[in-house]
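Counting with this note's numbering, you get residues 4 to 492 for the letters of the sequence shown. Step one of this worksheet: look at the structure below.
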Amino acid sequence: MPPTSTAIRRTVEAYLGRHPGERDALAGLLSALGRPVDATARTTLPGHVTCSAVVIDRQGRVLHIRHRATGGLKLAPGGHIEPGDRTLLAAALREVSEEAGIAPGALCLTRQLLGSPIDIDVHDMDANPSKGEPAHRHYDVRYVFYLVGEGPPALVLQDEEVSGAQWLPQPEVTSPTLRAKLLAARLDGRPEPVNASALIHDGRGRYLLHLRDHKPGLIWESGAFALLGGGCTHDDQSLEGTLLRELSEEVPGLRLEDLAPYAVEEATSVDRLSVPVQVFTGRWRGNPDRLRLNEGVLLRWFTPDQLDRLRMSPATRDLIHRHEAESPPGDEPAAAPATWDGGSRTVLVGVGVHLHIQDDEGRVLLGLRHPESRYAGDTWHYLAGRCEQESAIDCLIREAREEAGLVIDPADVELAHVVHVVDTPGGQPLMQLVFRARKWEGTPEVREPDKCLTWQWWPPHELPDRIVSYTRTAITAIAEGRPYSQLGW
């Protein structure tokens, strides 16, 4: 199934966040994405979305091919989106594989752009009577990839569509908009890690492994035991920052000692791209059953002799055996598990933000969470999120925009209630901040359908039965003028 208009709009809006001056140029694309049509279908007129792959070799040169359909113009490999393309990026990878014979595994993302497009080009296409196509417009979304190998690969050109290929220096790239962005990004063609993982050990021969959710095609290393960690974001200042952010999102309360870079390993993404991963080592001696796991199925300690019984990648298994050989277990006693309830170590309290807005009739906005959501599936909840490296109000404003398309001025926000929550016995305590927005712009719409199915206004005295317990508590307390409540203690 091709990417939805909602998913494409998120990509375009993120791109416009980096290039706000192009909003007028992309007005036609945004209009197409707002219509009840498939914006990726070549039959959608007056324009539709296409994808291209900008492949850069170790010398910083960019692959161009001569498309027969364009009279031999030198362009980046690309074309129309097919029904089997899961994402725009997957469509670009398929096109470069078909037209130039470069497999996804020979490519990786760049640290500067990650999975974001470098350029969205708008160009007019002449009528093609032989295919029954009138003149129309292409909105070409362009992704950058580096070659993993040292030298250029042997190209296998698609003869019926491609008449030749050439590697051009970046100042000679034929597209003016792409050329300008490539030169500004200073892309040198040399791969570097874009993911960070933690090889966690207790110093006594045990290793902490994470059983990932079994969702083939959606989750990296689906259904396997793996290291904790994940991919970089544009906001991460370093790979260590990436790892610490990922750990705080996946397992709040897990604090590692002696964190240090260990090795760079190669993995494969769900799109079959090569993924350079910076692996860090860190020591921890706690009880994983006392941690709150937000992603995946479970955390467990294993000794190296147990690894052959687990479903896991050979690379991860080899990495653990290598670390075991280089770092024999010590004879020091195990430390006490990390605790927050009077034990020997302190775990920081997590912070969440929530939006409380009411319409002219006094009704409160709630969202129905997706049934497969890791938290409160098929349950009504505030628009909410976890604070990252940002202030609580900045987080609230970002989440409102990303989840529901609402624009809120910080001056119109005030703290309405605080709920101190422990959701599960032994779980991490959470400080849930509920902010009231006096004004906002926009009508609530589902921007993240994988998290929320619908938004609805509810009278405070007629709330749905399936509602997050502390959300109900907060709504009642706000109506009664109480600033603080606590649950689970």
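Every residue gets a Cβ at the ideal spot worked out from N, C-alpha and C, and that includes glycine. It should be emphasised that the depicted structure is a prediction, and the values quoted were computed from it without experimental measurement.
Do the region 32 to 40 and the region 6 to 14 touch if we need at least three Cβ pairs shorter than 8 Å? yes
Go through the region 65 to 130 residue by residue and report every complete run of the beta strand (DSSP E) that reaches 3 residues or more, in order. 65 to 70, 76 to 78, 81 to 83, 122 to 128
Ala157 by DSSP, collapsed to three states: which one? Here residue 157 is taken as the residue at index 154 of the sequence shown, counted from 1. Three-state DSSP puts Ala157 in coil, outside helix and strand.
Residues of its chain near Ala403, where Cβ-Cβ distance is below 8 Å and the 5 sequence neighbours each way are ignored: Looking up residue 403 in the sequence shown gives position 400. Contacts found: Leu358, Leu386, Leu409, Val410, Ile411, Ala440, Trp443.
Extent of the continuous beta strand (DSSP E) to which Glu375 belongs: Along the sequence shown, read from residue 1 onward, the residue named residue 375 stands at position 372. Neither: Glu375 is in no beta strand (DSSP E) and is coded neither H nor E.
Please classify Ala103 as buried or exposed, where buried requires at least 16 neighbouring CB atoms within 10 angstroms. Taking the sequence shown and counting its residues from 1, one reaches residue 103 at position 100. Buried, by the Cβ-count rule.
Measuring straight from C-alpha to C-alpha, what distance separates Ser488 and Gly355? On the sequence shown, position 485 is the one that residue 488 refers to. On the sequence shown, position 352 is the one that residue 355 refers to. So the alpha carbons of these two residues sit roughly 15 Å apart.
Could you check whether Gly370 and Val424 sit closer than 8 Å to each other, using their CB atoms as the reference points? For this step, residue 424 is matched to residue 421 along the sequence shown. For this step, residue 370 is matched to residue 367 along the sequence shown. No, they are not a contact pair.
Outcome for Glu249 when other beta-carbon atoms lying within 10 angstroms are tallied against a minimum of 16: Counting from 1 along the sequence shown, the entry for residue 249 is found at position 246. Counting Cβ neighbours within 10 Å, Glu249 comes out buried, since at least 16 surround it.
Distance between beta carbons of Ala188 and Gln281, contact taken as under 8 Å: On the sequence shown, residue 281 is found 278 positions in, with the first residue counted as 1. On the sequence shown, residue 188 is found 185 positions in, with the first residue counted as 1. At roughly 21 Å, the Cβ-Cβ gap does not stay under 8 Å, so Gln281 and Ala188 are not in contact.
Opposing strand residues paired with Met315 [DSSP bridges]: Counting from 1 along the sequence shown, the entry for residue 315 is found at position 312. Bridge partners of Met315: Phe228.
Between Glu101 and Ala94, how many whole angstroms is the CB-CB distance? I'm expecting something under 8 Å. Against the sequence shown, residue 101 aligns to sequence position 98. Against the sequence shown, residue 94 aligns to sequence position 91. Actually they are not in contact, since the Cβ atoms of Glu101 and Ala94 sit about 11 Å apart, beyond 8 Å.
Which same chain residues end up closer than 6 Å to Pro428 when comparing Cβ atoms and leaving out the 5 residues on each side of it in sequence? Along the sequence shown, read from residue 1 onward, the residue named residue 428 stands at position 425. Reliability fails at Pro428, whose pLDDT of 49 lies under 50, so the model's placement of it is uncertain and the value that follows must be treated cautiously. Correct list: empty, nothing qualifies.
In the structure shown, what three-state DSSP assignment does Tyr473 receive? Here residue 473 refers to the residue found at position 470 of the sequence shown. Three-state DSSP puts Tyr473 in a helix.
What distance in whole Å lies between the Cβ atoms of Ala168 and His67, which are believed to be in contact at a cut-off of 8 Å? The residue given as residue 67 occupies position 64 in the sequence shown. The residue given as residue 168 occupies position 165 in the sequence shown. Between Ala168 and His67 the Cβ distance is about 7 Å, and since that is below 8 Å, they are a contact.
Keeping to the same chain, check which residues put their C-beta closer than 7 Å to that of Pro49; ignore five residues upstream and five downstream. Numbered from its first residue, the sequence shown carries residue 49 at position 46. So the list reads His139, Arg140, once near-sequence residues are dropped.
Please return the same chain residues whose Cβ sits closer than 8 Å to the Cβ of Glu153, not counting the five positions on each side in sequence. As a working note, residue 153 is residue 150 in the sequence shown. Arg61, listed in sequence order.
Can you tell me the Cβ-Cβ gap for Leu185 and Val176, rounded? I've got them flagged as a contact below 8 Å. Translated into positions along the sequence shown, residue 185 becomes position 182. Translated into positions along the sequence shown, residue 176 becomes position 173. Sure, about 6 Å apart at Cβ, within 8 Å.
Around the Cβ of Pro336, are there at least 16 other Cβ atoms within 10 angstroms (buried) or fewer (exposed)? By 1-based counting over the sequence shown, the position of residue 336 is 333. Confidence at Pro336 is low in this model, with a pLDDT of 41, below 50, so the placement of that residue should be treated as unreliable; the coordinate-derived value is given next. Under this definition Pro336 is an exposed residue.
Where Pro156 and Tyr149 are concerned, what is the direct C-alpha to C-alpha distance, given to the nearest angstrom? Indexing the sequence shown from 1 puts residue 156 at position 153. Indexing the sequence shown from 1 puts residue 149 at position 146. Approximately 12 Å between the Cα atoms of the pair.
How long is the line joining the alpha carbons of Ala339 and Leu91, rounded to whole angstroms? The residue given as residue 339 occupies position 336 in the sequence shown. The residue given as residue 91 occupies position 88 in the sequence shown. Residue confidence is low: Ala339 scores 40 on pLDDT, short of 50, so the model does not pin down where it sits. Its coordinate-derived value is still stated next. Distance between the alpha carbons of Ala339 and Leu91: 48 Å.
Straight-line Cα distance separating Glu195 from Thr284: By 1-based counting over the sequence shown, the position of residue 284 is 281. By 1-based counting over the sequence shown, the position of residue 195 is 192. So the two alpha carbons sit approximately 19 Å from each other.
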